[in-house]
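Numbering (the numbering used here), first residue to last: 1484 to 2179.
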């Protein structure tokens, strides 16, 4: 039996435990008789989240206008002309626009100096020259006084509004200190009533208030309510919404002055397929957008029984959650250009169960042509069951509510209160994999990827691990001071696997490799790391992807609400060894520490966050995680730390993983100590081979 199939019950049940626990117009900014303007929000993000609010940000309107029109448009947006005394805060951003060809070296802008209007040429000199010409037209700079988002429950109702028109529909969003924000956009019809347990259906509307985040999908666990202060928006069966964070709003009709469209990063959250939401502000796009000059999209998708129920009857076929993700990608393809994103340059990325989703999309025929790069963080090799297996587990449980078959059973299930179905998943059916239905999922992961590029959606693929995935996944199942290896294994991974691990002799207990550490290793390897390594090896051998990059992270920062025993971080100012746990890469990728009041522990936290975001941003731009050094230089001093890391010693380059010549080149990500490992974790010591054999 294939690894994914046999592993499923243990893996999903184990992982499910983890989650039990701001009116003016800019996009179509028009004043009677004047053309629509394109506008960029300029904020130089140096990754020091504690100082974001101290730095000025600005609005750059690209299409030339007269001085009077410039002042009027600034005022219409509740702003004034930008004072040149703050030019040092944004001049590097303007230098970057020169690098990209969006402005010229000698470009002139309308600005202000001590309350007087003037013309500045910031890339030549920092002075501002008064002019008596009322007919001259130049691009212009306005202030951006929108507040900085610093809390989960931020109220955006009084923040400045921004309209975008996409395919005839008007989307009213807002902006903050770092980015334009369009929140709670429906990308598919509400999956309620007769659309429950049906694949996602296209949403059509003419007006969307996108100024507030919307509820997550029905679930239990950390985001079921706001007890932990994580989800003030609640949960609902009407939940198919996405959020867009963008640095640029183009005009309705592009001009030669309009900047190029930006690469898109579409994020899929984790949560064991049973919890989580795209509105989780861990994934707020502001810091990542402002650092990488990309557009970030986050999505909700149906969870647990609502997203995964499959009864093998030709009627209730499963993979509804996967259809949601594909519908979101189709919406992005059709609409994202209006928000400044390039529909021909979309990278999907996700972590944990979101990483499973990335792998499902990579191998789903239904997702063909909808994305152009993929990043799986701690996603293993995905999980799935056959239609027969799924039905045999679920059908008997549901028979107590709906004992018919086919369409009759579907209509009965659609009529049940949503809470009834949610309670069933809470008490009886905690595990919800994707289903091999022959339509959305056609084969097992490793076998399909092993068939080569023609069998998958072949795009540049970046994949990797945290060294101690199992520590946070085990949560409180075992204690750090436990001394009985048999007991910790049994509690952590179950009786059968514990017995075989003990008999193998591959996990020898020492003073440092304690029963706790060994169990953490077995759990993380069996569920995530080793299956991922098997998939990576198959991909390299079959050349499934035009480029394959593998990493392991050597620095972490635990989520404030996901740090068992407080062992996945260290005190401020006191760096010391700690576990590099599952999900300890999320703050680093998104840079959202400040929203959860997390401090800078050591300056390395800042530089490492900048580095990771620059690597991910480079991949989104080119399918290659190696940043263009000329790009980094053009971005200025805020990007110097990454440039230093890349140029230290003989210089560091992230190589492709080919597996050729017995070389498995893995990027070891740290700051400043970037390195290359010659093998994947626990591969050559036989542990992964053993665990994979256990499940064949």
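For each residue, glycine too, the CB sits at the ideal point set by N, CA and C.
Practice task
Buried or exposed for residue 2054, please, with buried defined as at least 16 other CB atoms from any protein chain shown within 10 angstroms of its CB.
Solution key: Locating residue 2054 in the chain shown gives position 571, counting from the first residue. It is exposed - the Cβ of residue 2054 has fewer than 16 other Cβ atoms within 10 Å.
Practice task
Could you check the C-alpha separation between residue 1680 and residue 1695 for me, to the nearest Å?
Solution key: Taking the chain shown and counting its residues from 1, one reaches residue 1680 at position 197. Taking the chain shown and counting its residues from 1, one reaches residue 1695 at position 212. Spanning the two alpha carbons is a distance of roughly 27 angstroms.
Handout entry: Local Cβ density within 10 Å of residue 1427, reported as buried at 16 or more and exposed below that
Key = This structure does not reach residue 1427, given that the chain is present from 1484 up to 2179, and the question cannot be answered.
Practice task
Output the distance between the C-alpha atoms of residue 1806 and residue 1935, rounded to the nearest integer angstrom.
Solution key: Residue 1806 sits at position 323 when you count from the first residue of the chain shown. Residue 1935 sits at position 452 when you count from the first residue of the chain shown. Cα to Cα, residue 1806 sits roughly 24 angstroms from residue 1935.
Handout entry: Exposure label - residue 1773; buried when at least 16 CB within 10 Å
Key = Translated into the one-based positions of the chain shown, residue 1773 becomes position 290. Buried: at least 16 other Cβ atoms inside 10 Å.
Exercise for the section: May I ask you to report which of helix, strand or coil DSSP gives residue 2180? Expected result: In the structure as shown, the chain starts at 1484 and stops at 2179, and residue 2180 therefore has no counterpart that could be examined.
Exercise for the section: Can you have a look at residue 1908 and say buried or exposed, based on whether 16 or more other CB atoms are within 10 angstroms of its CB? Expected result: Looking up residue 1908 in the chain shown gives position 425. Answer is buried; the Cβ neighbour count reaches 16.
Handout entry: Where residue 1748 sits in the DSSP three-state scheme
Key = Within the chain shown, the letter at position 265 stands for residue 1748. Reduced to three states, the DSSP call for residue 1748 is strand.
Exercise for the section: On the DSSP bridge assignment, give the partners of residue 1640 in chain order. Expected result: As a working note, residue 1640 is residue 157 in the chain shown. DSSP lists no beta-bridge partner residue for residue 1640.
Practice task
Specify the secondary structure class of residue 2139 as computed by DSSP and reduced to three states.
Solution key: As a position in the chain shown, residue 2139 is number 656, starting the count at 1. Residue state, collapsed to three classes: coil.
Handout entry: Neighbour-count burial assignment, residue 2136, 16 or more Cβ in a 10 Å radius
Key = Working through the chain shown from its first residue, we reach residue 2136 at position 653. Under this definition residue 2136 is an exposed residue.
Practice task
Rounded to whole angstroms, what's the CA-CA distance from residue 2069 to residue 2051? Just pull it up for me.
Solution key: In the chain shown, the residue the question calls residue 2069 occupies position 586. In the chain shown, the residue the question calls residue 2051 occupies position 568. When rounded, the distance between both Cα atoms is 13 angstroms.
Exercise for the section: Label residue 1636 either buried or exposed according to how many other C-beta atoms from any shown protein chain fall within 10 Å of its C-beta, with 16 as the threshold for buried. Expected result: Along the chain shown, one-based indexing puts residue 1636 at 153. That one is exposed.
Problem - Supposed contact pair residue 1799 and residue 1792 - C-beta distance, whole angstroms, cut 8 angstroms - result: Along the chain shown, read from residue 1 onward, the residue named residue 1792 stands at position 309. Along the chain shown, read from residue 1 onward, the residue named residue 1799 stands at position 316. Yes, they are in contact, since the Cβ atoms of residue 1792 and residue 1799 sit about 6 angstroms apart, within 8 angstroms.
Handout entry: Completely contained beta strand (DSSP E) runs for the segment 2022-2082, where each covers 3 or more residues
Key = 2031-2036
Exercise for the section: Would you kindly work out how many angstroms separate the C-alpha atoms of residue 1948 and residue 1865, rounded to a whole number? Expected result: Counted from its first residue, the chain shown places residue 1948 at position 465. Counted from its first residue, the chain shown places residue 1865 at position 382. Going from the Cα of residue 1948 to the Cα of residue 1865 covers about 14 angstroms.
Problem - Chain-order list of residues whose beta-carbon lies under 8 angstroms from that of residue 2043 (same chain, five-residue window excluded) - result: Within the chain shown, residue 2043 is the residue found at index 560, counting from 1. Within the same chain, residue 2043 has close Cβ partners 2079, 2080 and 2081.
Practice task
Please list the segments of the beta strand (DSSP E) lying wholly inside the segment 1939-2005, counting only runs of 3 or more residues, in order along the chain.
Solution key: 1944-1948
Practice task
Please name the residue, chosen from 1561, 2165 and 1570, that lies closest to residue 1951 on a Cα-to-Cα basis.
Solution key: Locating residue 1951 in the chain shown gives position 468, counting from the first residue. The option with the nearest alpha carbon to residue 1951 is 2165.
Exercise for the section: Have a look at 1645, 1761 and 1849 and flag the residue whose alpha-carbon is nearest the alpha-carbon of residue 1822. Expected result: The count along the chain shown starts at 1 and reaches residue 1822 at position 339. Sorting 1645, 1761 and 1849 by C-alpha distance to the C-alpha of residue 1822 places 1645 at the top.
Practice task
Would you mind sorting residue 1900 into buried or exposed? The rule is 16 or more other CB atoms within 10 Å of its CB.
Solution key: Here residue 1900 refers to the residue found at position 417 when the chain shown is read from its first residue. Residue 1900 should be labelled exposed.
Exercise for the section: For residue 2067, collect the residues of the same chain with a Cβ closer than 7 angstroms to its Cβ; drop the 5 residues on either side in sequence, then sort them by chain order. Expected result: Along the chain shown, read from residue 1 onward, the residue named residue 2067 stands at position 584. Apart from sequence neighbours up to five positions away, the residues of its chain that approach residue 2067 with a beta-carbon distance below 7 angstroms are 1949, 2039, 2040, 2041 and 2051, ordered along the chain.
Problem - Opposing strand residues paired with residue 1663 [DSSP bridges] - result: Within the chain shown, the letter at position 180 stands for residue 1663. Beta-bridge pairing links residue 1663 to 1658 and 1729.
Exercise for the section: Over the uninterrupted alpha helix (DSSP H) stretch that includes residue 1824, give me the two end residues. Expected result: Counted from its first residue, the chain shown places residue 1824 at position 341. No alpha helix (DSSP H) holds residue 1824; the beta strand (DSSP E) holding it covers 1824-1834.
Handout entry: CA-to-CA distance, residue 1788 to residue 1917, given in whole angstroms
Key = Start at 1 with the first residue of the chain shown, and residue 1917 comes out as number 434. Start at 1 with the first residue of the chain shown, and residue 1788 comes out as number 305. It is roughly 11 angstroms from the alpha-carbon of residue 1917 to the alpha-carbon of residue 1788.
Exercise for the section: List the residues that DSSP assigns as beta-bridge partners of residue 1867. Expected result: Looking up residue 1867 in the chain shown gives position 384. Beta-bridge pairing links residue 1867 to 1917.
Practice task
Could you tell me which of 1958, 2077 and 2033 sits nearest to residue 2049, measuring between CA atoms?
Solution key: Along the chain shown, read from residue 1 onward, the residue named residue 2049 stands at position 566. In terms of CA proximity to residue 2049, 1958 leads the group 1958, 2077 and 2033.
Problem - Extent of the continuous beta strand (DSSP E) run through residue 1692 - result: As a working mapping, residue 1692 is identified with position 209 in the chain shown. Note, residue 1692: beta strand (DSSP E), 1690-1692.
Exercise for the section: Report the three-state DSSP secondary structure of residue 1781 (helix, strand or coil). Expected result: For the purposes of this step, residue 1781 is taken as the residue at position 298 of the chain shown. DSSP places residue 1781 in strand when its eight states are reduced to three.
Exercise for the section: Decide yes or no for the touch test of the segment 1570-1577 against the segment 1525-1541: beta carbon pairs closer than 8 angstroms, at least 3 of them. Expected result: yes
Practice task
Would you decide whether residue 1554 is buried or exposed? Buried here means 16 or more other CB atoms lie within 10 Å of its CB.
Solution key: Here residue 1554 refers to the residue found at position 71 when the chain shown is read from its first residue. Burial call: buried.
Practice task
Would you mind reading off the limits of the beta strand (DSSP E) that contains residue 1715?
Solution key: Translated into positions along the chain shown, residue 1715 becomes position 232. Segment: none, residue 1715 is in no beta strand (DSSP E) and carries neither H nor E.
Practice task
Measure the C-alpha to C-alpha separation of residue 1507 and residue 1665 and round it to an integer number of angstroms.
Solution key: For the purposes of this step, residue 1507 is taken as the residue at position 24 of the chain shown. For the purposes of this step, residue 1665 is taken as the residue at position 182 of the chain shown. Legend: pLDDT at residue 1507 = 37, less than 50; position of this residue unreliable, value from coordinates given subsequently. Their backbone Cα atoms lie some 15 angstroms apart in a straight line.
Practice task
Answer yes if the segment 1611-1621 comes into contact with the segment 1650-1657, meaning at least three C-beta pairs across the two stretches below 8 angstroms, and no otherwise.
Solution key: The segment 1650-1657 and the segment 1611-1621 do not touch, with fewer than 3 CB-CB distances between them shorter than 8 angstroms.
Practice task
Take every Cβ of the segment 1699-1711, pair it with every Cβ of the segment 1759-1766, and state whether three or more of those distances are shorter than 8 angstroms.
Solution key: yes
Exercise for the section: Assign residue 1881 to one of three DSSP states: helix, strand, or coil. Expected result: Here residue 1881 corresponds to residue number 398 of the chain shown, with the count starting at 1. Reduced to three states, the DSSP call for residue 1881 is helix.
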